[in-house]
Every structure is written in structure tokens, then in C-alpha cells.
Amino acid sequence: MQQSPIPKVIKSISHATEMAFLEENPDSIAHAVNALLADMAKPKGIKPDVLTAYVWFLSMLLEPLRYSIESGYVWAADLVAAVQERLAQAIRDEIGTPPAWHEILSSFRHVRIPLAPAVRAAFLGVEDADAAELAPHVRDKASDMLKPMLKALVDSGLESPFVLLEQINEVVGDLYPALVKKVLFEHLVTASQPLLRDTAVLMMLDKTPEIRHQAVARIETLAREGTLTPDSVRRLPVIVRWLPAEEQSAAQAMLNAAAGCPAAPWPEPVANLELYATLSDGSGALGVYLTGGKGKDALFGSLLFKEKQGLVEVWCEHPTDRRQTEEMIREARESFSAFAADPDYLDDLVAHGLAVAHPPPSAAMLLRLAEATGRTTWAPRWLDVGTLCAGLPVDTFSSPAALKAVLERSGDWPLAHDFAASWMEAGAAFDAVIDDLEESAHPLTLDAMETAVLDYILEPRRAVWAERLVLSALAVRAATTASSLPPWHDFATLAKVLSDDEPVRTIPLMRTIAHKSIMTAAMEEDDEEEEEN
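In the working numbering, the protein residues as written are 2 to 534.
This is the structure:
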């Protein structure tokens, strides 16, 4: 039997060219999974370091697939579904151990791809992972797992409920149904240790509505009993502000019950906070990186905002080593062109992110960041283009010549500036427009293709591009050092024009984006044909 080349491939991947190969050959994931399962089925099992390498490799393959799924490609969703069914069958065939499967399946959560119910059911050993009631043996299994896990975490010396909840999420993840999380919550909320009860309070920000509802009701009981810690009481108003509107009534009742409980003061915020921002890329993602403090008491934080999704990732490490934070900031500046900006920009970004989706997936980590930076007034608030444009030069819209100048000089941004190099459209909807045009237009001209992309892709997405430009305007306005970026009011002006009824055909930037999108797609198609030949 020929040995699989996958382990050797894993060891060799260290350059962008190899990573590009993986992105261009998504079917590689099927070979990787087959090789992984073959190693797991060996009599002595799979070695821990080899398993870790496979999991890393799997994450690298899943990341571009998630992008393809977000871009509307059905083939990518089908490929991921086939991979997950293959894994589910391997679990049912009792290949590998539960700890190994936990590590493997966690890779899907880390790249934000949900696990199929069949995978979770196979892992739990049940027919329906989302049953209305837990089977007795599953409840017993969950309790048997959770009790020693919580004891081990507490005995390890953890002092922060944020860190404890992060560790719990690593173990529970998306593998276990909400009903198991309810069992976990009961263990936490009834515990004698204040640390565990503080962690239960943070679960009011869980992404699952049922967990939030249970948590709010039980925390109200603790408030009436007077058993909430002062630290938890301090956090309650912030937590309530981040809950959805339909949950506010019950949350407010809980807050009223806690009104007489003593609240601890907020800790002193980290000194000398620094912020580094990136502008929105072609996928609608932008990042923020934070550092502050000194020595071993430094802070590192990061946020990732994604269009239509809000704050999809939040991280806060405090206290941590200042030298490590400086290294991560250096990498962000070099790899993502992050630039120094006023930390107050964070307030606008977080407020808008909370308005798009609240609570966000990493809400507890966001609360930890708010606590560390002294920004405890964050609340959902949509960014308003009109308010932003109030700070524009007075003649921007009253003078046709001034407006035309802004629009004309922004037309070459995707060609002249690194920050806009990836500003283009792609995906299943884009492909469909071009395919339809190729079938109906004779002869097919570049002008016809650009017009179709403007009318059928960019026109429906004008609000998305307006949001990108608003966030970029705020970031550039907050920049604290001179740069080659265009002035912030150019971004704001474009956002205003896109928010109005001006056809995108008349906006030079949109025409350039349409042109670049078509040319990039054509070059990629030529490259694929060359490889096939």
C-alpha cells in the first residue's frame, strides 16, 4: 500500500506559493482527511504531534473554503458537507479516540464553520444532537465530564472568569448541544466558588438564546438572594445593553433586582493605550489591534469586523508581556498595513459592530476588553453617514466642481493604493452575471461586462460599500501619523454619495472596481486554462 504524501506536504508548507496551491485546489481537503483517518486507524493510533499537524493543515484548508461559502459558492458548501459526513462516519466506525476527535472537530469552530448535526450526533453517540430533551446517559456523561473539568480549571489557579469561560468554550465549543450548556450553567451558578458564579454571569452573553434566557432568570434569583459578587454586579448594566431588544424586558427585571447589591468600582484602565487600524479589504473585513501598559502587565487586544456579520472575533490578553505585544503589533503593521490611530476610533467601531449583531460571538471577551481599557459605556449604535459628513468642508456638496474632484481622484484608488488593492467583486453572483452575459451578448464587449457588473452586482451592494467607506473614513480621520492614505473626507464623501440615489455607473470608483473585478476574473480563468493544458 502506497504511503500517503499528506504528512510530508504538511511539513513542507512554509511559503506563500504552497498556501496559494492549497487555495486553488480545495479538493486537497478530501485527500488530507483520508490520510488523517488512515493514520488514526493504525494499531498504535496517531502520534500527538502528527495529529496537531493535521489539525493545523485542516484549518488552512477550511479557511479558504469558508470564504467561498460566504461568496455563495454551492460547491464549497457541498465539499465541506461531504468532509463532515466522512468524519461523522469515521466516528461511528469508532476510528480514533474522543480526545483526538475533539481536537479535530474544534478546527471547524476556529475557522467559523458550523458543525453539521450528524457530526455532533456521532460525537455524542446519539441519534439527534439537537433533541428537545437530553437522553439520561448524555446528561450523565456531560455531568461526569463537566465536574472534573471545572475542578481542574479552578485548581489550576485561574482567577479571571473571562479566562475560565474561554477555557470552557474550548472544551465545549460547538460539539455539545445547548442542553449540555444548560447543565454546565447550573454547575456554575450553584457553585460555592465566586469565580464560577462570576463565570455564570458572563453566560448571559452566550450566542445561544436559550442559554441567555436561562442565565438571566437564574442571575435574577442570585440578585434577590444577595449572592452576586460585587464584580458581577458592576458588569450587569453593560451586559444588559448588549442583549437583543426582545430580551431587554427580562434583563431589566434582573437589573432592577440587583439594584441594591453592592457593586465594585471599575478597575483602572490600562495606561498609554495604543490603537492600530486597518481599512476594509475586498472581503469586507477590517481589523483593530490594541496595546498598552508595560512590562508583564501589558495588554494586547484585537477585533475583526466583517460586513453583515459585525464583530466576528475579539481577543483580549491582559496581563501579558509587553515585548510579545510589540511583536504582534509589528506583524500587524507589516502584514496588514495597520496604522496608528486615536483609540477613540474603537468606540465607533464597537458601537456599529454591536448594532450589526448583538451580542457578538465573542461578547464576553469584548466585555473583558472594555473592562481593561475603561470603555464601559459601549452600546449598539448604527453609524450615521449624515453625522459623519457634518465635518466635511462646507463646499463638498454645494459645489459641483468640488464634488466632482473628490469622485475623480478616488477613481484610481484600487490601482494606486495598497489599501484598496483587493477592492473588487467576486463570488457566485458575480460569476452568474458574467455567464448570463456571455450567453446573451454578441459580440461580448468589456463595456457591456462592466455595465452588467455595475447594474447587477454593485448597485444592489451600494449600502455594503457605503459601510466600508464610512468605517474607513473614521479610521483615517483617527490616524495619528502622516501617511499616504487619501484624506478622510474623501472616504466620507463617497459614503454619502453611495447612501444617496446617485447611480453607481456615475461614480468613478465603482467603475474602476467593476473593471478590476472583470480583469481579475479573466486572468484567473486564463491561469486555470494554462494549468489544464
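Each residue gets a CB set at the ideal place from its N, CA and C atoms; glycine is no exception.
Only counting the same chain, and skipping five residues up and downstream in sequence, which positions put a Cβ closer than 6 Å to that of residue i?
{"i": "residue 211", "result": "179"}
{"i": "residue 357", "result": "311"}
{"i": "residue 581", "result": "Given that the chain is displayed from residue 2 to residue 534, the structure contains no residue 581 and the question cannot be resolved."}
{"i": "residue 69", "result": "77"}
{"i": "residue 86", "result": "none"}
Could you tell me which residues DSSP pairs with residue i in its beta bridges?
{"i": "residue 286", "result": "307"}
{"i": "residue 292", "result": "275, 301"}
{"i": "residue 316", "result": "303"}
{"i": "residue 342", "result": "276, 480"}
{"i": "residue 321", "result": "299"}
Could you check the C-alpha separation between residue i and residue j for me, to the nearest Å?
{"i": "residue 114", "j": "residue 107", "result": "10 Å"}
{"i": "residue 171", "j": "residue 523", "result": "42 Å"}
{"i": "residue 14", "j": "residue 321", "result": "In this prediction, residue 14 scores a pLDDT of 45, lower than 50, which makes its location untrustworthy; no coordinate-derived value is stated."}
{"i": "residue 275", "j": "residue 82", "result": "42 Å"}
{"i": "residue 306", "j": "residue 324", "result": "26 Å"}
{"i": "residue 101", "j": "residue 141", "result": "21 Å"}
{"i": "residue 150", "j": "residue 415", "result": "51 Å"}
{"i": "residue 403", "j": "residue 494", "result": "11 Å"}
{"i": "residue 186", "j": "residue 153", "result": "17 Å"}
{"i": "residue 5", "j": "residue 33", "result": "At residue 5 the pLDDT is 46, less than 50, meaning the model places this residue with poor confidence and gives no usable figure here."}
{"i": "residue 335", "j": "residue 110", "result": "27 Å"}
{"i": "residue 333", "j": "residue 284", "result": "18 Å"}
{"i": "residue 181", "j": "residue 221", "result": "21 Å"}
{"i": "residue 398", "j": "residue 390", "result": "10 Å"}
{"i": "residue 201", "j": "residue 353", "result": "27 Å"}
{"i": "residue 11", "j": "residue 54", "result": "Because the pLDDT at residue 11 is just 47, under 50, the model does not fix this residue reliably, and the value given afterwards should be weighed accordingly. Their Cα atoms are separated by approximately 7 Å."}
{"i": "residue 26", "j": "residue 429", "result": "17 Å"}
{"i": "residue 264", "j": "residue 489", "result": "42 Å"}
{"i": "residue 224", "j": "residue 377", "result": "21 Å"}
{"i": "residue 360", "j": "residue 270", "result": "23 Å"}
{"i": "residue 528", "j": "residue 174", "result": "40 Å"}
{"i": "residue 435", "j": "residue 451", "result": "10 Å"}
Enumerate in chain order the residues of its own chain whose CB-to-CB distance from residue i is below 7 Å, with the five nearest sequence positions on each side excluded.
{"i": "residue 463", "result": "499, 505"}
{"i": "residue 139", "result": "125, 127"}
{"i": "residue 192", "result": "198"}
{"i": "residue 413", "result": "513"}
{"i": "residue 16", "result": "Low local confidence applies: a pLDDT of 45 at residue 16 is under 50, so the model's placement there is unreliable, with the coordinate-based value given in what follows. Around residue 16: no qualifying Cβ."}
{"i": "residue 42", "result": "96"}
{"i": "residue 162", "result": "196, 199, 200, 203"}
{"i": "residue 209", "result": "179, 182"}
Kindly indicate which residue of the options has the alpha-carbon position closest to the one of residue i.
{"i": "residue 393", "options": "381, 407, 382, 383", "result": "407"}
{"i": "residue 167", "options": "451, 371, 367", "result": "367"}
{"i": "residue 382", "options": "152, 349, 330", "result": "349"}
{"i": "residue 133", "options": "110, 361, 183, 151", "result": "183"}
{"i": "residue 244", "options": "473, 315, 355", "result": "355"}
{"i": "residue 466", "options": "511, 481, 503", "result": "511"}
{"i": "residue 311", "options": "230, 469, 483, 137", "result": "469"}
{"i": "residue 279", "options": "475, 69, 369", "result": "475"}
{"i": "residue 411", "options": "507, 363, 333, 433", "result": "507"}
{"i": "residue 485", "options": "461, 419, 213, 396", "result": "419"}
{"i": "residue 340", "options": "90, 288, 246", "result": "288"}
{"i": "residue 228", "options": "309, 214, 136, 259", "result": "259"}
{"i": "residue 317", "options": "112, 450, 304", "result": "304"}
{"i": "residue 214", "options": "246, 176, 120", "result": "246"}
{"i": "residue 63", "options": "319, 156, 31", "result": "31"}
Whose C-beta lies closer than 8 Å to the C-beta of residue i among residues of the same chain, with five residues either side of it excluded?
{"i": "residue 188", "result": "144, 147, 148, 151, 197"}
{"i": "residue 249", "result": "241"}
{"i": "residue 526", "result": "none"}
{"i": "residue 267", "result": "235, 372, 375, 377"}
Just checking residue i against the ligand SAH - is the residue's beta carbon closer than 7 Å to any of the ligand's heavy atoms?
{"i": "residue 145", "result": "Because no ligand of any kind appears in the structure shown, any question about the ligand SAH cannot be addressed here."}
Examine the Cβ distances between the region 200-209 and the region 232-240 and report whether three or more of them are shorter than 8 Å. yes
Validate contact between the region 509-523 and the region 420-435 using beta carbons, cut 8 Å, 3 pairs: yes
Does the pairing of the region 370-379 with the region 288-308 give three or more beta-carbon distances under 8 Å? yes
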